[in-house]
Amino acid sequence: MNFVELQVTLSFCIVFLLRMLGIFAVLPILSKYGLYLNNGNKFLIGLSIGIYGVTQIIFQIPFGMLSDRFGRKEVIIFGLFIFFIGSLIAISTSSIWTLIIGRAIQGSGAISGVSMALLSDLIRKENRIKSISIIGASFAISFLISIVSGPIIAENFGFFSIFWISAILSIFSILIVLFFIPSSEKKILKNQKKDIFQHKIQYIFNKIFVRFYLGVFSLHFLLTMNFLILPYEFECSGLLLHYHWIVYLTTIIISFFILFFIVFYFKFHFFLKNVIEICIFFIFLSFLFFLLSNHNLICLIFSLQVFFIAFNILEIFFPSYLSQEISINHYKGSIMSVYSTSQFLGIAFGGILNGWLYTFLSTKDIFLFEIFIVFIWFIFSFFCKK
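Numbering (this note's numbering), first residue to last: 91 to 476.
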């Protein structure tokens, strides 16, 4: 990569990192602190987590259309400002409903697809896989920092301090986009013929790409469901909330070492179908261990370790290989937007469905449900192999 491409890639890494910190930091603590808010209950806590993904889904395509007309960089800045407003609303509340509104407004700044489209415009074809891989790594790092720092920040500075930090980081992100990411000079084609549009839809939703869409949906669906019940499971095992970050930090660092070994050993040429199926199998094992843990702390930590290993591998491999599979360059932005939408669909459904299930099911029942989801994912992925 040349200097400009490296600058663009690292700038996007920082923007995604700062933005995701505010999103993920609440995951390990909201299931506990949300109950202390006015009208707080398990379902509304799940809704407050999942509503972010719902509004992301609703606004991904409109933001993409706006970026075609007004420019990608301008729309990204607008989306980050909306995220800032949502953070301020979430701060000024003692009610779960106002928190839900704030999270919904945060999510309506749906810039993921537009960001990937701008990245695709600014990075040469031969360097896009490297760039997307680096950004995928920044996403995983942001998750690591978030779930470790969330409980620490909440314990020492209060639950709403996380939203103050989110608001401040969104301003930093706007400044980075303004001064370090150039505007795209590519023109957007308008008035495409109907047959071209139909071909585009058929291409975007062919079974190879659908396999990736379903994969990232399932991955984040299971992640969100897990973090609504894991704090409760750890507390039942005798681990106090202010020690949870130690478990998260240790398991994720170990999973990163294993990830780096795999990437170095196989050099990204390992046949993808094996990576996906192997990781799904390990996710299946992790939920099976969760189910059988019976509040045993060692078993819970081991289960979480297995899950994070598989999660981080897929989090890096999915966008890298998806980009590699795209043979029609001017569809890349649309495909990455659908991929981002699938990701947030998983977050939304994971939070909302688990919040609803948790009102009348035990954690063991939810783990059984997650095992069923993993099984369906494996079957679908197997039949969609290239």
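Note that the Cβ used here is the ideal one computed from N, Cα and C, for glycine as well. It should be emphasised that the depicted structure is a prediction, and the values quoted were computed from it without experimental measurement.
DSSP has residue i in a bridge; who is on the other side?
i: N128; result: S185
In the DSSP assignment, the alpha helix (DSSP H) including residue i goes from what residue to what residue?
i: S471; result: T453 to F473
i: Y448; result: Run containing Y448: none; DSSP gives neither H nor E here.
i: I271; result: It is not in any alpha helix (DSSP H) - I271 carries neither H nor E in the DSSP assignment.
i: G305; result: K297 to C326
i: L120; result: L117 to Y123
For the putative contact between residue i and residue j, defined by C-beta atoms under 8 angstroms, what is the C-beta separation to the nearest angstrom?
i: G203; j: T453; result: Contact doesn't hold; Cβ gap of about 34 angstroms is too wide.
i: I42; j: L127; result: Because residue 42 is not part of the residues shown, which for the chain are 91 to 476, the question remains open.
i: F168; j: A257; result: No, F168 and A257 are not in contact; Cβ-Cβ is about 16 angstroms, not under 8 angstroms.
i: I261; j: L378; result: About 44 angstroms; that fails the 8 angstroms criterion.
i: L318; j: S121; result: 5 angstroms
i: V365; j: F407; result: 6 angstroms
For residue i, name the three-state secondary structure that DSSP assigns.
i: I213; result: coil
i: F361; result: Its pLDDT being 48, under 50, F361 is placed unreliably in this model, and the coordinates cannot settle the point.
i: I399; result: helix
i: H334; result: helix
i: F374; result: helix
i: I406; result: helix
i: F346; result: helix
i: A244; result: helix
i: I201; result: coil
i: F249; result: coil
i: L329; result: coil
i: M91; result: coil
i: G161; result: coil
i: S383; result: coil
When the cut-off is 8 angstroms and only beta carbons count, does residue i lie next to chain D?
i: T453; result: In summary, chain D is missing from the structure at hand, where a single protein chain is found.
At a cut of 8 angstroms, does the segment 365 to 381 reach the segment 330 to 339 through at least three beta carbon pairs? Below 8 angstroms, too few C-beta pairs join the segment 365 to 381 and the segment 330 to 339 to call them touching: fewer than three.
Decide if the segment 173 to 193 is in contact with the segment 245 to 262; the criterion is three or more beta carbon pairs, one per stretch, under 8 angstroms apart. Judged by Cβ distances under 8 angstroms, the segment 173 to 193 makes contact with the segment 245 to 262, as three or more pairs qualify.
If we count Cβ pairs, one from each stretch, closer than 8 angstroms, do we get three or more for the segment 392 to 409 versus the segment 336 to 350? Remark: three or more beta-carbon pairs, one from each stretch, lie closer than 8 angstroms, so the segment 392 to 409 and the segment 336 to 350 are flagged as touching.
Under 8 angstroms: do the segment 294 to 312 and the segment 109 to 125 share three or more Cβ pairs, one atom per stretch? Look at the beta carbons and you see the segment 294 to 312 not touching the segment 109 to 125: under three pairs across the two are nearer than 8 angstroms.
Assess contact between the segment 192 to 201 and the segment 145 to 157, defined as three or more Cβ pairs (one per stretch) separated by less than 8 angstroms. Is contact present? Because the criterion of three Cβ pairs below 8 angstroms is met, the segment 192 to 201 and the segment 145 to 157 touch.
At a cut of 8 angstroms, does the segment 314 to 328 reach the segment 435 to 445 through at least three beta carbon pairs? The segment 314 to 328 and the segment 435 to 445 touch, with no fewer than 3 CB-CB distances between them shorter than 8 angstroms.
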